[in-house]
Amino acid sequence: MSQPPESLVRSLFVRAEAASLSPVRSLLRDASLPESDLREEHMEAFFVSRAGDEGILACVGLERFGDTALLRSLAVRADARGNGVGDQALQTMEAFAASKGVNRLCILTTTAEPFFKARGFERCDRAALPASVQASSEFKSLCPASAVCMFKEITPTSSTEKHPHG
Ligand SMILES: CC(C)(COP(=O)(O)OP(=O)(O)OC[C@H]1O[C@@H](n2cnc3c(N)ncnc32)[C@H](O)[C@@H]1OP(=O)(O)O)[C@@H](O)C(=O)NCCC(=O)NCCS
């Protein structure tokens, strides 16, 4: 197998900007993930990885509901997968969520359950999550009912901030 480009190995996540919305949505569409509800405000709690002039390689977002948060929109461009970028995205978002006082992360996934299981997430019933999370657009209408719900307890590194998007 050929070596991944060095830019991938060194890939770093930075906070997204309002202008990231369009490339993020396009990356999510290519990865068959929900994106129609995303607005510029969501980018305040999104991270992206850029590699030189290649555009956005990966993204990940967070939607806060008090001390529980929905980790969403984790996607790595198809030709960049398998190089640890997804893992780095998850670690970046876990640290960000912890810094915002979040103590529980949840996700919905149709295809990546083994990826999250290997990283400490456990399956749970949607009904076990706070009503606010269940009422989010991703839970209510965007993700198919067949999507697996998973959660992971994390240790907050600050007290909960009151901000809708993190
Ligand atoms: C899931 C995803 C983000 C992983 O990104 P990545 O950069 O390939 O991940 P990494 O290189 O850090 O990790 C790859 C590891 O996860 C495993 N893996 C990745 N995707 C997987 C999947 N869909 N099912 C099972 N295992 C998967 C790989 O086998 C590899 O295992 P290893 O660490 O034991 O070698 C990427 O496959 C993706 O964008 N998928 C489509 C969107 C999606 O399903 N997102 C999750 C729901 S929000």
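All letters in the sequence shown, in the order written, are residues 29 to 194 by this note's numbering. Note that beta-carbon positions come from the ideal geometry of N, C-alpha and C, so glycine has one too.
Do P184 and G94 have their CB atoms nearer than 9 Å?
-> The beta carbons of P184 and G94 sit no closer together than 9 Å.
What are the start and end residues of the beta strand (DSSP E) that includes T96?
-> Residues 96-104.
Between A156, S169, L85, K168, which lies nearest to G17 when the distance is taken from Cα to Cα?
-> Because the chain is modelled from 29 through 194, residue 17 falls outside the range shown and cannot be assessed.
Examine ligand 1 and report whether any of its heavy atoms sits within less than 8 Å of the Cβ of T137.
-> T137 Cβ: within cutoff of ligand 1.
Identify every residue that forms a DSSP beta bridge with F75.
-> Bridge partners of F75: R43, V88.
Which term fits T137, buried or exposed, when burial requires 16 or more other beta carbons within 10 angstroms of its beta carbon?
-> It counts as buried.
So the alpha helix (DSSP H) L118 belongs to, where does it begin and stop?
-> Unbroken alpha helix (DSSP H) run through L118: 113-127.
Please classify L66: does DSSP put it in a helix, a strand, or coil?
-> L66: coil per DSSP, three-state reduction.
Can you pull the DSSP bridge partners for V176?
-> In the DSSP assignment, V176 forms a beta bridge with T137.
Cβ neighbour criterion (16 or more within 10 Å) applied to L40 = Exposed.
In whole angstroms, what is the alpha-carbon distance linking K180 and C134?
-> Approximately 6 Å, taken between the alpha carbons.
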